[in-house]
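Visitor:
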Amino acid sequence: MTIKADLELVALTKRYGGTVAVDRIAHHFKPNVYACLLGPSGCGKSSTLRMIAGHEDISDGSILLSGRDVSHLPPAKRGTAMMFQSYALFPHLSVRDNVAFSLRMAGIDKPARDRRADEMLELVEMTALADRKPAQLSGGQQQRVALARALITRPQVLLLDEPLSALDPFLRIRMRAELKRLQRELGISFIHVTHGQDEALALADEIIVMNNAVIEQAGPARDVFNKPKTAFVARFMGGHNVLQLPNGHISLRSDQMQITDIGAGKIDGRVTGVEYQGTHVSLTAEVAGGQEVTALMPDAAFLETPKDLGEVIGLSWEDRAVHPVSA
Amino acid sequence: MTKQLTAWMQAAPMALVLLAFLVAPIIMIVIVSFWGATEYSIYPAFQFDNYDFLFGSPVTYRVFFNTLKYAAITWLLTLLIGFTVAYFLAFEVRSLKWQIALFLLCTIPFWTSNIIRMISWIPFLGRNGLANSTLISWGVIDEPLEWLLFSDFSVVLAFVHLYTLFMVVPIFNSMMRIDRSLIEAARDGGASGWQVLRHVIVPLCKPGIMIGTIFVTTLVMGDFITVRFMSGSQRANVGRLISNDINLLQYPSASATAVVLLATVLIVIGLLLRVVDIRKEL
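From first to last, the protein sequence lines stand for chains G and L. Basically the numbering used here = 1-based index in the first sequence + 329. Basically the numbering used here = 1-based index in the second sequence + 136.
1) Thinking just about the alpha-carbon of each residue, which of Asp534/G, Met539/G, Val351/G and Ile588/G is nearest to the one in aspartate 552/G?
2) As an exercise, report each continuous alpha helix (DSSP H) stretch of at least 4 residues that is fully enclosed by the region 165 to 213 of chain L, in chain order.
3) Checking 8 Å against the spacing of the C-beta atoms, do aspartate 398/G and threonine 342/G come in under that value?
4) Tell me, please, whether the CB atom of serine 376/G is closer than 8 Å to any CB atom in chain L?
5) Rounding to the nearest angstrom, what Cα-Cα distance links glycine 607/G and lysine 558/G in this structure?
6) Rounded to whole angstroms, how far is the Cβ of threonine 214/L from the Cβ of valine 412/L, which I believe are closer than 8 Å?
7) Determine the closest residue to arginine 371/L out of Ile251/L, Leu333/L and Phe289/L, with distance taken between C-alpha atoms.
8) Quick one: what does DSSP say aspartate 288/L is sitting in, helix, strand or coil?
9) By the criterion of Cβ-Cβ separation under 7 Å, what are the contact partners of proline 404/G in chain L?
10) Based on DSSP bridge pairs, tell me the residues matched to asparagine 570/G.
11) Is there a Cβ of chain L sitting closer than 8 Å to that of alanine 410/G, yes or no?
12) Looking at C-alpha atoms only, which residue of Val159/L, Leu216/L, Ser177/L and Leu232/L is the closest neighbour of leucine 385/L?
13) So what does DSSP say about tyrosine 223/L, is it helix, strand or coil?
14) Alpha carbon to alpha carbon, what distance is there between alanine 650/G and isoleucine 579/G?
15) Below 7 Å on C-beta distance, what does serine 431/G contact in chain L?
16) If you pair each beta-carbon of the region 476 to 492 of chain G with each one of the region 425 to 432 of chain G, do three or more pairs fall below 8 Å?
17) Residues of chain L with CB under 8 Å from histidine 384/G, in chain order?
18) Report the start-end ranges of each alpha helix (DSSP H) in the region 270 to 337 of chain L that is 4 residues or longer and not cut off at the edges.
19) What residues are listed by DSSP as bridge partners for isoleucine 354/G?
20) For alanine 656/G, which residues in the same chain have their Cβ closer than 7 Å to its Cβ, ignoring the five residues on either side in sequence?
21) Quick one: Cα of methionine 303/L to Cα of glycine 368/G, how far?
22) What number of angstroms, rounded off, separates the C-alpha of leucine 402/G from the C-alpha of methionine 311/L?
23) In the DSSP assignment, what are the bridge partners of alanine 614/G?
24) Does DSSP classify phenylalanine 419/G as helix, strand or coil?
25) Taking 8 Å as the CB-CB cut-off, is serine 310/L touching chain G?
26) Which bits of chain G does leucine 340/L rub up against, with CB to CB less than 9 Å?
27) Tell me the residue span of the beta strand (DSSP E) that contains methionine 411/G.
28) For methionine 330/G, which three-state DSSP category applies?
29) Whole alpha helix (DSSP H) runs in the region 430 to 497 of chain G with 4 or more residues, listed along the chain?
30) Could one say the Cβ of serine 415/G lies closer than 8 Å to chain L's Cβ atoms, at least one of them?
31) So, does the CB of glycine 347/G fall closer than 8 Å to a CB anywhere in chain L?
32) Could you spell out where the alpha helix (DSSP H) holding phenylalanine 360/L opens and where it closes?
33) On the three-state DSSP scale, how would you describe glutamine 606/G?
34) For alanine 495/G, return the contacting residues in chain L, with the cut-off set at a CB-CB distance below 8 Å.
35) Pair every Cβ in the region 631 to 647 of chain G with every Cβ in the region 594 to 605 of chain G, then say whether three or more of these pairs are closer than 8 Å.
36) Whole angstroms are fine: how far does the CA of phenylalanine 499/G sit from the CA of alanine 529/G?
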């Protein structure tokens, strides 16, 4: 089963009354891609996903899957499947019946659908708990069941709405590795909505950063992180300082900042915060114009020349670290 | 120790109220049901005369059957109507404001008493009532329908009118608790509208349906006034049997009938609770 399904959004728009939630966005998702829709809450990323899934009517534009216009098809006819944020498992059905639900709706007889459901449960390593009810499962287990339920329809694109947000941080890291593994094994596209940039960076082949109903930047994870086009992207991805200089805005990765003596750097600043982060120490300084700059230094380097709150330091960087961004 | 004492004290007022106004009267009724009676007196005793008479009379069985029949028909109709109304309120009406407004609209009839609402059917359904004259003027019928009033039809109609809301409220409550993403998930799995109803909404409404069922069956089985008014005293149920006995000051006999009715209702509810566990809903 290797359908090379690419998904294309054409001038996709969602309006709720007078407000525009998604404003004529266009994007082409390549086949077999792990894509993350990233953005702050209310940026339109969830509406976009729900439109792709068919759970939200589109106001304008269209959605093409493998070249076929699916804009107005019912959710189950699109070749997509959705995994819901709260997993949306049917509380009255056992794990196996949850997974087999769509097959039951399609009128497939019980032995056949149970066999398929057991295969899917094996894929997500939940065979042992097949007879439990969702309420008897932990968050991570519920998520595996939700995954199996979504995948049993053999979708070309799996849509995941903040799938990891309900898990504790430890489990989140484990589950995201598993999502990535599944995506590779199945060879289908995953489109994953998240507001966590670390999650997006860890998972995505392609990151689509959204803000105010439009796509701010889209591209491979490394490009989006290293070459943010706008100040918003640089700030949202984190790990960047955005400085307003006379000749425009620049972004600087905070781990490429150097601490120097007063006057020896490109800019002077007063230390306003020192945060120990284990492997690194994060030093925040206020520079001219009241702007805050964060320098991330290895803990050993910091211990050699410790700085205190209120101390004035010089900050420097190499010219090749400078990256101009639009405001 | 003091903590336990506090707990007992806190539970005491309600316990005393229930004891004085629920448990004690029931015990009294049970005791009186074994007493004896003559045409002009009742006397304390422990005898089974009342029960012997009750179970020995074919009227009892007929009347109990009639009571169960009213309960079953009313249950079925209130369930169908109540579920539909609740579904409309919960799923079709999108804004909370309208939901509340329409819900309050449903309760407006409750601003008048049961009896007035019941009696107001009489001029509507009577031989020369609104329903008959309208049907005649439309040419649907040539002469007035006799079965509209003072019949099983009018009794059940009044029951349904009076008690449908008791079905609507718990079912609506159950429906409002259904996570809307479950319905989307069902749609995502390819379920049609009917399949969503059959496989997701109805199973998740079972506790609400059950609570509504208990309300309606107990209300109908315990009723006597609706049957009396709406049947023009031509139909009987257990409540009327008891009320007649009381009017004749036959308290022991009335008590015995009441005890049997109570047992019947408890058995019915016990059976219902075996089908659905409502504890998680409460």
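Positions of the beta carbon are idealized from the N, C-alpha and C atoms, including for glycine. Note that the structure is a prediction, hence the values are computed from the model and not measured.
Guide: This is what the structure gives:
1) Residue Asp534/G is the option with its Cα nearest to aspartate 552/G.
2) 185 to 192
3) Not a contact, by the Cβ cut-off of 8 Å.
4) Not one chain L Cβ lies under 8 Å of serine 376/G.
5) 30 Å
6) With a Cβ gap of about 17 Å, threonine 214/L and valine 412/L do not count as contacting.
7) Phe289/L
8) helix
9) Those within 7 Å of proline 404/G in chain L are Arg323 and Asp324.
10) Asparagine 570/G is bridged to Leu581/G.
11) yes
12) Ser177/L
13) helix
14) 10 Å
15) Gly325 and Gly326
16) yes
17) Glu320, Arg323 and Asp324
18) 288 to 312, 316 to 324 and 329 to 332
19) Leu341/G
20) Ala560 and His578
21) Taking the straight line from one Cα to the other gives about 45 Å.
22) Methionine 311/L has its alpha-carbon roughly 27 Å from the corresponding atom of leucine 402/G.
23) Partner residues in the beta bridge of alanine 614/G, as assigned by DSSP, are Val600/G and Val622/G.
24) coil
25) no
26) Phe419, Pro420 and His421
27) 409 to 412
28) Its pLDDT being 43, under 50, methionine 330/G is placed unreliably by the model, and the measurement read from it follows with that caveat. If DSSP states are grouped into helix, strand and coil, methionine 330/G belongs with coil.
29) 430 to 434, 439 to 452 and 468 to 480
30) yes
31) no
32) Note, phenylalanine 360/L: premise wrong, no alpha helix (DSSP H); not H, not E.
33) Glutamine 606/G sits in coil when the DSSP states are folded into three classes, being neither helix nor strand.
34) Residues of chain L passing the Cβ test: none, with the nearest at roughly 12 Å.
35) yes
36) 16 Å
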